[in-house]
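Under my numbering, the residues of the sequence shown are numbered 61 to 175, in order.
Note that CB positions come from ideal geometry on N, CA and C, so glycine has one too.
Since we're looking at a predicted model, the values are computed, not measured.
To start, the structure under review is shown below, and the notes come after it.
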Amino acid sequence: QLQASGGGLVQAGGSLRLSCSASGNNFSRYNMGWYRQAPGAQRELVALINFRGSTDYADSVKGRFTISRNNADRMVYLQMNNLTPDDTAVYYCHARRIYYTNDYWGQGTQVTVSS
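Listed below in structure tokens is the structure:
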């Protein structure tokens with residue numbers, strides 16, 4: 061089970077830090093990610109961090125967002141800096157265990173960036 065938090069309303073240029081708490085065992089064997097879905101748009105990948113700690117980002121957030129994980133605490137974070145109104149969306153935490161195909165999603169947290 062994934063529980064996302066940390067969303068809110070922020071002005072353009074501001075920062076937010078999203079957190080995702082995971083329950084269960086073997087967290088270190090999961091590839092983790094953040095996705096977002098804006099109104100009327102499809103869900104899109106924002107950032108990934110694999111079980112080894114390697115990261116990947118959507119071009120639109122490179123240099124502004126940082127994904128990280130703490131395996132001991134079973135947490136994943138998304139530090140978002142220099143936010144723009146285009147970042148407004150519901151952000152979802154995602155997990156997939158390595159060598160498996162089951163996808164797990166958190167409930168989503170709303171991020172709203174005002175201009």
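Residue 92 and residue 143 have their C-alpha atoms some 22 Å from each other. Setting aside the 5 residues that flank it on each side, residue 174 is surrounded in the same chain by 69, 70, 71, 72, 145, each with a C-beta closer than 8 Å to its C-beta; the list follows chain order. Shown here, residue 111 sits in coil according to DSSP, grouped into three states, outside any helix or strand. DSSP, read as helix, strand or coil, puts residue 146 in helix. Nearest to residue 129 by alpha-carbon distance, out of 123, 159, 154, is 154.
With respect to the C-alpha of residue 134, the residue from 80, 95, 65 having the closest C-alpha is 80.
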